[in-house]
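Line order of the protein sequences matches chains E and Z.
Going by this note's numbering, 287 is the number at position 235 of the first sequence; the sequence numbering is gapless.
Going by this note's numbering, 173 is the number at position 24 of the second sequence; the sequence numbering is gapless.
Worksheet: the structure to be examined is printed underneath.
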Amino acid sequence: MNNEYDIAVIGGGVGGYVSAIRASQLNKKVILIEKNKIGGTCLNVGCIPTKAFLKSINILEEIKHASSYGLTNINEENIKIDMEKLLNKKNSIVDQLVSGIEGVLVGNGVELVQGDAELIDKTSISVNGNRIKAKNIIIATGSNPKELPIDIDPKAKVLDSTDILNLDYIPKSCVIIGGGVIGVELGYFLKKAGSDVTIIEFMNSILPMIDEEIQQLATEYLISEGIKIETSSEAMEIKRSTLIYKKNNAKKEVSFEEILIAVGRNAVYEESEIKNLGIKTKNNFIETNSYLQTNIPNIYAVGDVNGKSMLAHTASMEGVIAVEHICGLNNKMDYGKIPNAIYTNNEIATVGMTEKEAKNKYENVKVGRFPFMANGKSKIEGCENGLIKAISDHNTGEILGVHVFGIHSTNMIAEAVVAMNLEATPEEIVKCVHPHPTLSEVFQEVFHDLEDGSIHYL
Amino acid sequence: MAEVIIMPKLGFNMKTGKLIKWYKKEGEEIKKGENFFQITTDKTNIDIESTRGGVVRKIMGEEGEEYKVLEPMAIIGEEGEDISDLSEDGKKEQKIQKESVVDKKVKPTEKPIKINSGKNKKNIKISPRAKKYIDENSIDVNLRKINGKGFDNGIKESDVIKYIEENNSLISPVARNLAENYNVKIDEIEGTGARGKVLKEDVERVIDERKYKENNAIFEADSSKKVRKSYKYEGVRKIIGERLAKSKAEAPHIYFKNEVNMEEVIKFKKQLENKNKIKISITDFISLAVVKSLKKYPEMNSSLIDEEITEYDSVNIGIAVAAEEGLIVPVIKNAQNKTLGILSNETKGLVNKARKGKLMPEDYSGGTFTISNLGMFGIDEFTAVINPPEVGILAVSSTKDKAVVVEKNDEKIIEIKPIANFVLTVDHRIIDGLLASKFIKSIKELLENPLELLI
């Protein structure tokens, strides 16, 4: 029968489309159901658009430094960001990527269906009134920005991350509730684009999941760029153009033109369907094991919907692992070695345990550090502010974590990810020749520091 | 010039020796006569001294391994001296001086086997054991790739095993370190990584299983016991233990106790010492009394080996001495011909040697009867286990003042006398109660009338 599949994937975001491609590669008959646009949050309203926005800021920064590299006749004062043009650029990047993915899916023989999927039973899905049978189902329905359960004046200009990526002007002032990755990246963009930015964070620091030392450097840097940061602050009420918040039991307020709510994301699924099938959830996310299986063995959940790490690159690996498990390959998901990338400039890139976590778990922890200012390429790039630190278990040489605050660090962290996954030790990494002059030399240096001390720093 | 140090042959029957430990590392300086390494034969641990001074250039013997006598163990030479010629084929072959004697200076005669491998005609040296290991396990390996750590960079069995372990198993560096830290054998770990690569997780699984087993074993045994330390039952301890267990299991032990009044022998000892200005111990008098009694009752001076009972003319007295590593029994040979002074001197020499761990095998073998004297430790009374194939052992306890009934002028009165308990253990298969009683009575009478000792 035509409508019987080995695998049905619900949701065409990164988790979903990667699952579908991998399933096709492993000769499974697969259908991918997407109700909106292929590429999901990441391509359409997440990773890709924000980075397109931030690229504009990075060019702006380059231009500001251009005169020191001998470029003349640049009128820095008059440079402005034309948001309409930037939106066009962003949209064209997104469109190209989305159609590229569609091409890859079709080329792999994935059947694409646009529509709202409804889970009927363990092996049946209804789409656009048609019933589909599938031996295995992968739920990859993603997430939506969380709303804030406080009083909000309906006249207040309240945005979420999706709205801001379609904003065609820069507000004079913006308050951001939530100092996580989304809040910090968008806050950095808005500030650099000319807005007066205040970040309100409930915890006692912004980017609370990052290594404390790197977090400190990042916070200092953002403050030096003029972003106001209020930590240990709880949003109480949003009035027309004022946020009332509580800090140290004192009521405070801050005014804004626009207010962005970036306090996390909720899993997207139809509760009644999940209940009917008896799929277990935890904190409103679908519960999965290390093979991404739900409690119903032929139903898997990958990406944001399981709430494990809520990053695009986690979702795509989960998709691969889920499909491979369906095909009898028992690779497990290792959430301990997933890199984090934060695209302020300097960028923040981390993988593995923070120093504090490592010291809690291991007896004999070593920490190596290397400053970017001792790296030649950083000087050339005009961006000497930065630090890389590496943490190892001295007993076995296992690399427990690598944390970087520095230019282009997001492009370089993969070296640490590979080393950690292959369980390499610092002594081996220092034996790998790194090209000169590159920023990547900081990796070799930090592992030198773990061993006997860096070469280019005392 | 540099010298090869070999596994010494300490006696006629010694075929192999187990290397216990090195006192020096490669590169360390060593003086002539300084302890270099320790070996164990079937009877005891022996420290081997260096026969020359210099620098330890190369160590070939591995701790815990058994080696044939005369196998090269190490090279001692000068710092920076070229030691390659020591092993050049035939050129410097050195003769064994005398095979029969205890001699630490004997030189190697067994040359490593040479085998040609493939096109390259250069010789590769490989020990017979390594060769055997490769043959028996049908290992297909290019010998040229194995890093020989043995004599003259020859390949040893352990080199082969190490090479196989390192090269036939895919393992991540972290996993390898972890496995080494926890003494997990790599070939026993099932790898779950790509192509069966052993990952950290796989090593942790083995460690967890081991811990689980250990915890449960302790739990089953007795959950209230907290282990302070545990170590192997091996070496001298094991040799002594097994021998005693065998003795107690095979020889029906019976015991005969006598109280011996030591008053006269103590007096006599003082007189002799004052007169001759030499120190003679009570043990020496006891030894002499035992020797004389054994001469009188030769059935007691015998052994039971393989269905044959042998009585000896030679009285070889073993004297049990507590040494650091356990009980050592130096033997005074042909004591039947020796005077008290000679007996005393010899005993002193042997006991000192035993306490320093320097007894040679012939110093503690060939006994016909044993005395175990714990008098100096204040013991009131104890029994001893026969040291096979001997048929008896005498346990001597402390001399203590006691109230005893004595006859004076046909009257029984109580007096304080220095009394020691003697307990004789005999193998009841051969010795009956009457003989044993006569024998211990003879010892008692000799000690209570010490002048008779000198007759």
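Think of the CB as a built atom: it goes at the ideal place given N, C-alpha and C, for glycine as much as any other residue.
Whose Cβ in chain E lies nearer than 9 Å to the Cβ of residue i?
i	result
V309(Z)	Within chain E, no residue comes near V309(Z); the closest Cβ sits about 26 Å away, beyond 9 Å.
State yes or no: is the C-beta of residue i within less than 9 Å of the C-beta of residue j?
i	j	result
I190(E)	A410(E)	no
G160(Z)	P538(Z)	no
I275(Z)	G229(Z)	no
I443(E)	A270(E)	no
I73(E)	K198(E)	no
T532(Z)	T496(Z)	no
A476(E)	S321(Z)	yes
G194(E)	G371(E)	no
S284(E)	T250(E)	no
V494(E)	G453(E)	no
I296(E)	K304(E)	yes
L171(E)	I90(E)	no
E413(Z)	L543(Z)	no
I592(Z)	N465(Z)	no
Measure from the C-beta of residue i to each C-beta in chain E and report whether the shortest distance is under 9 Å.
i	result
L348(Z)	yes
P322(Z)	yes
N330(Z)	yes
M163(Z)	no
L319(Z)	no
K240(Z)	With a pLDDT of 34 at K240(Z), under the threshold of 50, the predicted position of this residue should be treated as unreliable, and no value is reported.
At the level of alpha carbons, what is the spacing between residue i and residue j?
i	j	result
L489(Z)	I477(Z)	22 Å
I338(E)	T175(E)	18 Å
D168(E)	K87(E)	5 Å
Y221(E)	I481(E)	47 Å
E114(E)	P260(E)	30 Å
K180(Z)	S233(Z)	22 Å
I535(Z)	K549(Z)	26 Å
G428(E)	T490(E)	8 Å
D433(Z)	L603(Z)	12 Å
S442(Z)	L168(Z)	42 Å
E162(E)	V82(E)	The sequence given here has Val at residue 162(E), not Glu. Those two C-alpha atoms are separated by around 6 Å.
V469(E)	A75(E)	25 Å
N326(Z)	D301(Z)	29 Å
V545(Z)	N522(Z)	5 Å
G210(Z)	I454(Z)	36 Å
E285(Z)	N364(Z)	37 Å
I184(E)	L238(E)	41 Å
K240(Z)	D512(Z)	Its pLDDT being 34, under 50, K240(Z) is placed unreliably by the model, and the measurement read from it follows with that caveat. Answer to the nearest angstrom: the Cα atoms are 38 Å apart.
I507(E)	E497(E)	7 Å
E259(Z)	E306(Z)	With a pLDDT of only 41 at E259(Z), under the threshold of 50, the placement of this residue in the model should not be trusted; the figure read from the coordinates follows. The straight-line gap from Cα to Cα measures roughly 16 Å.
M520(Z)	E329(Z)	A small correction: the amino acid at residue 520(Z) is Ile; Met does not occupy that position in the sequence shown. Looking at the two C-alpha atoms, the distance is approximately 48 Å.
Y312(Z)	I440(E)	38 Å
For residue i, return the contacting residues in chain Z, with the cut-off set at a CB-CB distance below 9 Å.
i	result
E503(E)	Simply none; closest approach about 13 Å.
E136(E)	Correct list: empty, because the minimum Cβ distance to chain Z is about 50 Å.
E480(E)	P322
So residue i contacts chain Z; which residues on that side make the cut at Cβ distance below 7 Å?
i	result
E475(E)	S321, P322, V323, A324, L348 and K349
G449(E)	P322, V323 and N326
Please check if any C-beta of chain B sits within less than 9 Å of the C-beta of residue i.
i	result
Y121(E)	No chain B appears in the structure shown, which is made up of the protein chains E and Z.
Original post:
In chain order, which beta strand (DSSP E) runs of at least 3 residues are fully inside the stretch 380 to 405 of chain Z?
Top reply: For the stretch 380 to 405 of chain Z, not one full-length beta strand (DSSP E) segment reaches 3 residues or more.
Subject >> Minimum length 4: unbroken alpha helix (DSSP H) runs contained in the stretch 63 to 95 of chain E >> reply: Taking 4 residues as the shortest admissible run, the stretch 63 to 95 of chain E contains the following complete alpha helix (DSSP H) segments, listed from N- to C-terminal end: 66 to 77.
**OP:** Enumerate, from N- to C-terminal direction, the unbroken alpha helix (DSSP H) stretches of 4 or more residues contained entirely within the stretch 520 to 600 of chain Z.
**Re:** Counting only runs of 4 or more, we get 582 to 597.
Original post:
Which ranges would you report for the beta strand (DSSP E) in the stretch 315 to 380 of chain E if only whole runs of at least 3 residues count?
Top reply: Taken in chain order, the complete beta strand (DSSP E) segments of 3 residues or longer contained in the stretch 315 to 380 of chain E are 317 to 319 and 351 to 353.
**OP:** Kindly provide the ranges of any beta strand (DSSP E) runs that are 3 or more residues long and lie completely inside the stretch 402 to 427 of chain E, ordered along the chain.
**Re:** Complete beta strand (DSSP E) runs here, min 3: 417 to 423.
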